[in-house]
Amino acid sequence: MERHTKPLAAFCLAAFLAGACGRQPDEAPESTFSYETWDSAGVQIAENFGIPAAEASWSVAARPSVRIGGDSGGSAAMFTMAAQATRLGDGRIVVLEYTESELRFFDENGVHLRTVEGRGDGPREFEGAPTFVRLPGDTLLVVALGRQVFFDPGGDYIRDERIDARRHFSGNTEPCSMVTILSDGSFVVCVFFPTGDSTGRYASRVGRVIRFPSDDALVPLGGYSEDYWGFFQPFTWIASGGSPPVVAIANNLAYSIEVWHPDGHLSRIIRRPDGLRAPTSTEISAGAEHLERAYGLSFRDRQPPELVPPAFGLTVGAAGDVWIRREPFVPDYEESVFDIFDRDGRFRGEVRFEGYFWLYEVGDDYVLGMRLDALDVPYVQLHRLDRGPS
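The following block contains the structure:
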């Protein structure tokens with residue numbers, strides 16, 4: 013399994029959460045945090061330096077309170093590619109198994125309850141669905157090929173709606189990042205600017221993120237960029253969540269995250285200037301090998317980048333908090349590292365997980381994700397989250 017390619021959700025990417033809370037070194041400087049007003053629009057900039065004090069840091073329990081996977085829970089718990097998962101209000105966990113096109117329901121302890129099959133192209137079917145979202149009231153919206161399929165919290169079919177592909181995807185408008193649907197059920201696409209390249213083999217592109225609500229309005233959000241031939245293939249990450257909902261956009265040119273209201277108002281910019289680091293020799297070797305194998309590009313005799321891009325994953329939690337995955341996609345992971353910012357943009361510390369971890373969802377008091385074991389067997393796990401003193 014090649015784990016250093018672009019994830020699925022544009023078609024998923026498996027991973028997981030096995031870890032332990034990262035402890036900061038004693039000699040690390042305490043964080044400073046300040047707001048500044050940026051231009052006439054009055055957008056606030058949250059500037060973070062250093063490491064927060066222990067009492068101001070958030071932590072995640074080392075042991076999962078719920079673990080689903082392998083042969084411990086029967087065939088329903090044996091995942092091939094768990095594309096997405098969510099926890100419902102009553103504690104049940106729903107997992108989208110991409111390979112089998114199934115929604116699998118488990119109780120609060122991880123015991124299988126029901127499987128909703130989605131193969132086919134008729135009503136209620138969602139073959140090829142790369143992701144789903146949990147809407148208010150725990151309605152489940154599955155994004156299938158050419159339509160949206162709605163299920164109630166118990167897994168019973170409600171309705172499906174056709175997607176107007178000509179409206180959403182035409183001309184220079186395409187899906188972008190790993191996200192095509194936001195937490196409120198609206199679409200997000202990118203309008204790409206002309207590159208002047210007539211070959212169709214885009215090495216890099218820039219564009220604008222556009223949100224499509226349920227009506228005919230178009231809401232411009234932040235900028236978008238991608239560079240598939242770059243050393244670490246940096247591209248823009250988009251995520252949404254929170255109540256009221258926000259849209260976070262992380263451009264990999266600098267450690268800077270834009271937080272937007274769905275109506276197109278830029279609410280905040282989060283920065284952590286001292287959070288960047290140099291790549292390790294393992295990351296350089298893995299990046300060069302992947303680019304040579306995938307694109308025929310040789311970086312063996314080139315100078316590697318001085319800094320690793322800041323984001324390799326992005327999640328917005330239930331409280332509007334922002335979680336940034338920091339580690340590049342390499343074949344063998346010793347740990348996965350996340351930077352955490354609360355809804356005000358304050359840095360709440362670094363959390364480290366053993367092995368490869370992909371974050372699905374952050375609730376008020378839990379994180380839900382997927383881990384691959386040494387044999388690449390996926391496990392969906394729920395860990396308790398301590399947000400510290402309020």
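Residue numbers for the sequence shown, in my numbering: 13 to 402. The C-beta atom is built at its ideal place from N, Cα and C for all residues, glycine as well. Predicted, not measured: the structure shown is a model, and the values here were computed from it.
- In this structure, the straight-line span from the alpha carbon of F224 to that of P41 is close to 43 Å.
- The beta carbon of A88 sits closer than 7 Å to the beta carbons of R116, H124 and T127 from its chain, once the five residues preceding and following it are set aside; these are given in chain order.
- DSSP places I175 outside both helix and strand once states are collapsed to three, so it counts as coil.
- Residue range S293 to Y307 is occupied by the alpha helix (DSSP H) that includes R305.
- Assigned with DSSP and collapsed to three states, S71 falls in strand.
- Here the region 280-288 does not lie against the region 297-311, with fewer than 3 beta-carbon pairs under 8 Å apart.
- Looking at the DSSP output, D351 bridges to I336 and E362.
- The alpha carbon of S198 has as its nearest neighbour, out of G242, V259, G361 and R337, the alpha carbon of V259.
- Taking a 10 Å sphere around the C-beta of I282, we find 16 or more other C-beta atoms and assign the residue as buried.
- Look at S87 here: in three-state DSSP terms it is helix.
- With a cutoff of 8 Å on beta-carbon distance, P390 and L384 are scored as near each other.
- Here DSSP, grouped into helix, strand and coil, assigns P285 to helix.
- Using a Cβ distance threshold of 8 Å, V349 and R338 count as a contacting pair.
- According to the DSSP secondary-structure assignment, E114 is paired through a beta bridge with E109 and E129.
- For the set P187, L147, I352 and F247, the Cα lying nearest the Cα of I222 is the one of P187.
- Counting the other Cβ atoms within 10 Å of the Cβ of F118 gives 16 or more, which makes it buried.
- Put simply, the backbone Cα of A156 is about 15 Å away from that of V107.
- The beta carbons of F91 and E109 sit closer together than 8 Å.
- Between the alpha carbons of G357 and A73 lies a gap of roughly 23 Å.
- DSSP places S43 outside any beta strand (DSSP E), giving it a letter other than H or E.
- Less than 8 Å separates the beta-carbon of R146 from that of T98.
- Taking the Cβ atoms as the reference, F45 lies roughly 7 Å from A58, within the contact range of under 8 Å.
- Here T185 is not near V200, since their CB atoms are 8 Å or more apart.
- Taken through DSSP and simplified to helix, strand or coil, P148 comes out as helix.
- Sequence-distant partners of E48 (beyond 5 residues in either direction) whose C-beta falls short of 7 Å from its own C-beta, in its chain, are I57 and E59.
- Around the CB of Q160, 16 or more other CB atoms lie within 10 Å, so the residue is classed as buried.
- Apart from sequence neighbours up to five positions away, the residues of its chain that approach A330 with a beta-carbon distance below 6 Å are G375 and D376, ordered along the chain.
- Secondary structure at A66: helix, using DSSP grouped into helix, strand and coil.
- Counting along the chain, Q56 sits inside the beta strand (DSSP E) bounded by residues V55 to F61.
- Looking at the DSSP output, H124 sits in a beta bridge with F118.
- Approximately 4 Å separates the beta-carbon atoms of D239 and S216; this is inside 8 Å, confirming the contact.
- Residue state for E137 is assigned as coil, using DSSP reduced to three classes.
- A distance of 8 Å or more separates the beta carbons of E362 and D354.
- The beta carbon of G82 sits closer than 8 Å to those of A89, M90, D385, V389 and Y391, all from its chain and outside the five residues before and after it, given in chain order.
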